[in-house]
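Engineer: Under numbering that gives the first Met the number 0, the sequence shown has 49 at position 50, and the numbering climbs by one with no breaks. From the three backbone atoms N, C-alpha and C, an ideal C-beta is built for every residue, glycine too. Every value quoted in this text rests on a predicted model; they were computed, and no experiment measured them. Can you keep this structure in mind? I'll have questions shortly.
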Amino acid sequence: MTVRARDIMADAFGVDAAQISETGDMASVPGWDSLSHMKLVAALEEALGRPLEIMEIVGLVSVPAISQLLEQECQT
Numbered sequence: 000m001t002v003r004a005r006d007i008m009a010d011a012f013g014v015d016a017a018q019i020s021e022t023g024d025m026a027s028v029p030g031w032d033s034l035s036h037m038k039l040v041a042a043l044e045e046a047l048g049r050p051l052e053i054m055e056i057v058g059l060v061s062v063p064a065i066s067q068l069l070e071q072e073c074q075t
């Protein structure tokens, strides 16, 4: 997981970045609920400079998935 991904998630979930495990998911990351998920989507859209597609949003169910989205964007 990148520092960028961890920082974006920590801010959206209102938790310390140290509480976000590299293998975490919606059930195990503190503060990850439906409202904070929408904050995460908005933060990712801002970080990426584009709106997320529906299938991208649906796929944001784990820390690895979020990290992968950010890493893919950096490679393009």
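By DSSP's criteria, SER33 is part of a beta bridge. Which residues make up the other side?
Structural biologist: Indexing the sequence shown from 1 puts residue 33 at position 34. Bridge partners of SER33: none, in fact.
Engineer: Pull up the CB-CB distance for GLU52 and LEU68, whole angstroms please, since I reckon it's below 8 Å.
Structural biologist: Here residue 52 refers to the residue found at position 53 when the sequence shown is read from its first residue. Here residue 68 refers to the residue found at position 69 when the sequence shown is read from its first residue. With a Cβ gap of about 11 Å, GLU52 and LEU68 do not count as contacting.
Engineer: Determine the closest residue to ALA11 out of GLU70, VAL62, GLN71 and GLU72, with distance taken between C-alpha atoms.
Structural biologist: As a first step, residue 11 must be located in the sequence shown, where it is residue number 12. It is VAL62 whose Cα lies nearest to the Cα of ALA11.
Engineer: Can you round the beta-carbon distance between ALA26 and SER66 to whole angstroms, since I take them to be within the 8 Å contact cut?
Structural biologist: Taking the sequence shown and counting its residues from 1, the one referred to as residue 26 is at position 27. Taking the sequence shown and counting its residues from 1, the one referred to as residue 66 is at position 67. With a Cβ gap of about 18 Å, ALA26 and SER66 do not count as contacting.
Engineer: Of all the options ASP15, GLU70 and PRO29, which has the alpha carbon lying nearest to the alpha carbon of GLU46?
Structural biologist: Locating residue 46 in the sequence shown gives position 47, counting from the first residue. Note on identity: in this sequence residue 46 is Ala, with Glu being the wrong assignment. The residue with the shortest Cα to Cα distance from ALA46 is GLU70.
Engineer: First and last residue of the alpha helix (DSSP H) that includes ASP10?
Structural biologist: As a first step, residue 10 must be located in the sequence shown, where it is residue number 11. Unbroken alpha helix (DSSP H) run through ASP10: 2 to 12.
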